[in-house]
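*Asks:*
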Amino acid sequence: GIQVEQSPPDLILQEGANSTLRCNFSDSVNNLQWFHQNPWGQLINLFYIPSGTKQNGRLSATTVATERYSLLYISSSQTTDSGVYFCAARSISSGSARQLTFGSGTQLTVLP
Amino acid sequence: DTAVSQTPKYLVTQMGNDKSIKCEQNLGHDTMYWYKQDSKKFLKIMFSYNNKELIINETVPNRFSPKSPDKAHLNLHINSLELGDSAVYFCASSPTQWDEKLFFGSGTQLSVL
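Structure, rendered in structure tokens:
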């Protein structure tokens, strides 16, 4: 099945800094999503982005499907951005397998 | 208005017991899922139902039995609980089985003692 790798595994920032999180995947995808798990455990869907670029406030994401990676940008980080960021992907060649495969996440800590 | 709600939020029980987790979504979605998150935060799908029909059944012990009485509800029953079942269980839904933008519930922290 598809492999999804995220980097870096851990990231510590000062409030106000910018950051880029990366997600590499081993196969062509027709589904790529980014999630934020806050310190209380809630999983929030940030972007559904199998290709192209999207922006939502201070967050934006870009997926370059031909090169098999996606990037999540966080600008002017705030302490509330802390948590774990997951990307999840489904391979085009997954056939009847409809499930998303999750990466192992990037633990982000934003210090005041 | 909670979109995907699951109960209970915490479940502490003894080995060997049977327990259930309930999930409901009010988004009008066709497809619902159970995911398991282990202690290292790794998320893995367990089951998926589309309009009450089981469509994904990963390699999960048959002590775990999902039930979908209607497309808005997906419950998870676990028999003979083991220590290794301790984890956070998330319910999720998506508009269709192919349009898989996932919306998660708040999770159920299961601790087996």
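Going line by line, the protein sequences match chains A and B.
According to the working numbering, the first sequence is numbered sequentially starting from 1.
According to the working numbering, the second sequence is numbered sequentially starting from 113.
Every residue gets a Cβ at the ideal spot worked out from N, C-alpha and C, and that includes glycine.
1) For a test of the three-state rule: what should DSSP assign to B/LEU195, helix, strand or coil?
2) Just to confirm, are A/ASN18 and A/SER82 a CB contact at a threshold of 9 Å?
3) Thinking just about the alpha-carbon of each residue, which of B/GLY140, B/ASN162 and B/TYR145 is nearest to the one in B/LEU155?
4) Beta strand (DSSP E) containing B/LYS134: first to last residue?
5) Under the rule that 16 or more other beta-carbon atoms within 10 Å means buried, what is B/ARG175, buried or exposed?
6) Determine whether the Cβ of A/ALA88 lies closer than 9 Å to any Cβ atom of chain B.
7) On the CB-based measure, 16 or more other CB atoms within 10 Å of its CB, does A/GLY1 come out buried or exposed?
8) By the DSSP assignment, the beta strand (DSSP E) with B/PHE159 in it spans what residues?
9) Write down the C-beta distance between B/LEU195 and B/GLN126 rounded to the nearest angstrom, noting that I regard them as a contact closer than 8 Å.
10) Would you be able to state if there are at least three C-beta pairs under 8 Å between the segment 105-112 of chain A and the segment 122-138 of chain B?
11) Any beta carbon of chain B sitting closer than 9 Å to that of A/ILE44?
12) Should B/LYS152 go down as buried or exposed, given a rule of 16 or more other Cβ atoms within 10 Å for buried?
13) Give me the chain B residues within the contact set of A/GLN33, using Cβ-Cβ distance strictly less than 9 Å, ordered along the chain.
*Replies:* Straight from the coordinates:
1) helix
2) no
3) B/TYR145
4) 131-137
5) exposed
6) yes
7) exposed
8) 155-162
9) About 10 Å; that fails the 8 Å criterion.
10) no
11) yes
12) exposed
13) GLU212, LYS213 and LEU214
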